[in-house]
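Asks:
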Amino acid sequence: MPQIDLPLERLKTYEGRNPRPADFDTYWDSALAEMHALGTDVELVPHPLDAPFAECFHLYFTGVGGARVHAKYLRPKGATGPHPAVVQFHGYSGHSGDWADKLNWVARGYSIAALDCRGQGGLSEDVGGVKGNTLRGHIIRGLDDAPEKLYYRSVFLDTAQLARIVMAMPEVDAQRVGATGGSQGGALTLACAALEPGIKRAAPVYPFLCDYRRVWEMDLAKAAYEELQTYFRAFDPRHEREDAVFERLGYIDCQHLAPRIKAETLLFVGLMDTVCPPSTQFAAFNKITAKKDLRVYPDFGHEGLPGSGDTIYEFLGGL
């Protein structure tokens, strides 16, 4: 079988290359304390949609740093609860998607909230305000400032805050909430489950934002990871700060958040993925200590994985 990464048996024991900062746990404990202090207050703005069994809302909340964050929220019409819910996350540069593509969850009797990531294709605000470069991408935003200024620190916290908001909805059973998404959305699914231990099931699809140094060493700092190459070429052309750069990125590396996950996890991976290499995904998966399983697609890359949507619907349908 052709391969672009390690053989599958080695992938199953691969532990990652990107360093973990010594104060990683303190960093995220402090971040969570900041987020928890914001509470679960929301603004719900009705959205008209011709769906007789669903109520649709623009959901707004104030995230860390004062940003106004947006999600689409749909619930069964007349729902009084308690029922399950799903939080959903989109791919890099995208948005929360159409209202209609979430109706399958509402028809099942679930509520669903789909986040717009700050400063990407949706309605959420990116308040910015970082020192240093902001050239071509969000992974490196804040890299030359304090670690607390990293862009993905804020977005990871947004995922957990949205999950907490959904769990606080009177119609939702807080003990039956799951998370899913692909690529960047897969990374955010891992981050959400790590930072909100109440998530019961997580279904990440080929997660992004894992094991940055491995991506670099495979010469795959292209496509979604191109900004890593751009950063070094523009701001550290001789790689004099390479170790420090990758250690700083370790704060927002999902493989280091993975041990915090308590949710039952089902991860989907294509072994021909040259956008988010399989080894980087396994670096995170192998660190999950909760109940977990894989769906491996040997001949597929960063693309639609046949049957994955149905499998996720059934998996999260077990909430």
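As numbered in our numbering, residues 1481 to 1799 make up the sequence shown, in order.
Glycine included, each C-beta is placed from N, C-alpha and C at the ideal position.
1) Would you mind sorting Asp1716 into buried or exposed? The rule is 16 or more other CB atoms within 10 Å of its CB.
2) Let me confirm a value: Asp1723 is counted as buried when at least 16 other C-beta atoms fall within 10 Å, else exposed. Which label applies?
3) What are the start and end residues of each continuous beta strand (DSSP E) run of 3 or more residues lying completely inside the region 1591-1632, in chain order?
4) Please name the residue, chosen from Ile1619, Leu1623, Gly1602, that lies closest to Lys1611 on a Cα-to-Cα basis.
5) Could you give the DSSP three-state label for Gln1568: helix, strand or coil?
6) Rounded to whole angstroms, how far is the Cβ of Gly1545 from the Cβ of Val1607, which I believe are closer than 8 angstroms?
7) Of the residues Glu1744, Leu1637, His1736, which one's Cα is nearest the Cα of Ala1547?
8) Reducing DSSP to helix, strand and coil, say where Phe1688 ends up.
9) Quick check: what's the CA-CA separation for Glu1727 versus Arg1693?
10) Determine which residues share a DSSP beta bridge with Arg1775 and list them.
11) For the region 1580-1587 and the region 1671-1683, state whether three or more C-beta atom pairs, one from each stretch, are separated by less than 8 angstroms.
12) At which residue ranges does the region 1654-1681 contain complete beta strand (DSSP E) runs of 3 or more residues, listed in the order of the chain?
13) Could you tell me the boundaries of the alpha helix (DSSP H) in which Leu1796 lies?
14) Based on the DSSP output, what are the partners of Pro1556 in its beta bridges?
15) Where does the unbroken alpha helix (DSSP H) through Pro1757 begin, and where does it stop?
16) Can you list, in chain order, the stretches of the alpha helix (DSSP H) that have 4 or more residues and sit fully within the region 1690-1748?
17) Using a Cβ-Cβ cutoff of less than 8 angstroms, which residues in the same chain neighbour Ala1704 once the five nearest sequence positions on both sides are dropped?
18) Of all the options Arg1497, Ala1743, Arg1713, Gly1574, which has the alpha carbon lying nearest to the alpha carbon of Asp1691?
19) Roughly how many angstroms separate the alpha carbons of Ala1683 and Lys1629, rounded to a whole number?
20) Could you give the residue range of the beta strand (DSSP E) that holds Val1525?
21) Could you spell out the range, first to last residue, of the alpha helix (DSSP H) harbouring Asp1505?
Replies: Answer, in terms of the structure:
1) exposed
2) exposed
3) 1591-1595
4) Leu1623
5) strand
6) 5 angstroms
7) Leu1637
8) Three-state DSSP puts Phe1688 in coil, outside helix and strand.
9) 9 angstroms
10) Phe1748
11) no
12) none
13) 1788-1796
14) Ala1534
15) From DSSP, Pro1757 is part of no alpha helix (DSSP H); its letter is neither H nor E.
16) For the region 1690-1748, whole alpha helix (DSSP H) runs of length 4 or above, ordered along the chain, are 1692-1697, 1706-1715, 1722-1729, 1734-1737.
17) Tyr1572, Ser1663, Gln1664, Phe1688, Val1755, Cys1756
18) Arg1497
19) 28 angstroms
20) 1523-1526
21) 1504-1516
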